[in-house]
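The block underneath contains the structure these notes are about, expressed in structure tokens.
In this note's numbering, the protein residues as written are 38 to 362.
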């Protein structure tokens, strides 16, 4: 289990090192392919309702007098840690002692974080950077990865809004994909394909950030028992979200608490020390049935930030198409 406060707090990335690096070697074979798992980001990309949209300003081509050089620059503004394909730091989420009713200022001094770290340690200035549990504490992640194809298991192109991926689903996917014997190893990267990612760049399939399928709280606990370093989905929230839920027009899915509708976020980041990636691009990996691979995830070293835009890659060998039964 992760160490408790006041010991060093590292989460499951403490497993990253020579053992996880060596596990990757068999996947770097001559038949392997490198899969880019990040969506391109531009001004047309979907924008999270909880973060500032990214904006790009492109400067004119400039030169340096007295030289042959010409160059180009751009300015990016917005929430670099919580937009696009991104990874959450443990400091992204905390928990209050009691439900806040939204009236008056948030009692931030009562917030606690992973390992029991209090607000005064994690974010002593509520308007400043994270002093602990920021994304800069996370090292480059090189480990073995597993893709669980939830959409394929349920025989659909896309799981519906609010769909909860449960422990039963996860166990069945591991068995169906011949991964049950291997299981999930400490320090593994676990990605889950829901099919929702096709909405990112194709509005014909519906709005991306309004709702979505996700990992249930119980499903998150099942995965965390194996101590993966990262759990990532091709969905907006990691958690399942019903249509209308963000607007207060509907309740969370049945398996999620009303006082903790983002309970998967809470469990992974506050209790289990599992990092999260949202908005992955997993369609190619699922199409080629690459269930096991070498995973590379390198967050930007944004000191004191709650997350980072990231460009994960998977290196693995495509499998033959499954035979019809």
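Each residue gets a CB set at the ideal place from its N, CA and C atoms; glycine is no exception. Quantities reported herein were computed from a predicted structural model and do not represent experimental measurements.
- Please report how far the alpha carbon of residue 96 lies from the alpha carbon of residue 109, in whole angstroms. One C-alpha to the other measures close to 7 Å.
- Taking residue 152 as the reference, give the member of 209, 303, 181 and 249 with the closest Cα. 303
- Message: Taking only three categories from DSSP, how would you classify residue 42?
- Response: For residue 42, the predicted model reports a pLDDT of 39, less than 50, meaning its position is unreliable; a value from the coordinates is still stated below. Note: residue 42 maps to coil in three-state DSSP.
- Message: Within the continuous alpha helix (DSSP H) that includes residue 125, where are the two ends?
- Response: Where residue 125 is concerned, there is no enclosing alpha helix (DSSP H), although the beta strand (DSSP E) it sits in stretches over 123-125.
- Take the Cβ of residue 276 as the centre, count every other Cβ of all protein chains shown within 10 Å, and call the residue buried at 16 or more, exposed below. buried
- Item | Three-state secondary structure assigned by DSSP to residue 56 | helix
- Query: Between 181, 202, 323 and 114, which lies nearest to residue 330 when the distance is taken from Cα to Cα?
  - Reply: 181
- Task: Kindly indicate which three-state DSSP category residue 312 falls into: helix, strand or coil?
- Result: strand
- Query: So residue 49 and residue 171 are in contact, right, with Cβ under 8 Å, and what is the actual spacing, rounded?
  - Reply: Residue 49 to residue 171, Cβ: 16 Å. No contact.
- Message: Only counting the same chain, and skipping five residues up and downstream in sequence, which positions put a Cβ closer than 8 Å to that of residue 235?
- Response: Contacts found: 194, 195, 242 and 320.
- residue 144 to residue 116, Cα distance in whole Å? 24 Å
- Query: Near residue 57, what residues of its chain come up, given a Cβ to Cβ distance below 6 Å and the 5 sequence neighbours on each side ignored?
  - Reply: 180 and 224
- Message: Just to confirm the assignment: which complete beta strand (DSSP E) runs, minimum length 3, are found wholly within the region 144-169?
- Response: Taking only runs of at least 3 residues, no beta strand (DSSP E) segment lies wholly in the region 144-169.
- Query: Would you report the Cα separation of residue 133 and residue 147, rounded to the nearest angstrom?
  - Reply: 6 Å
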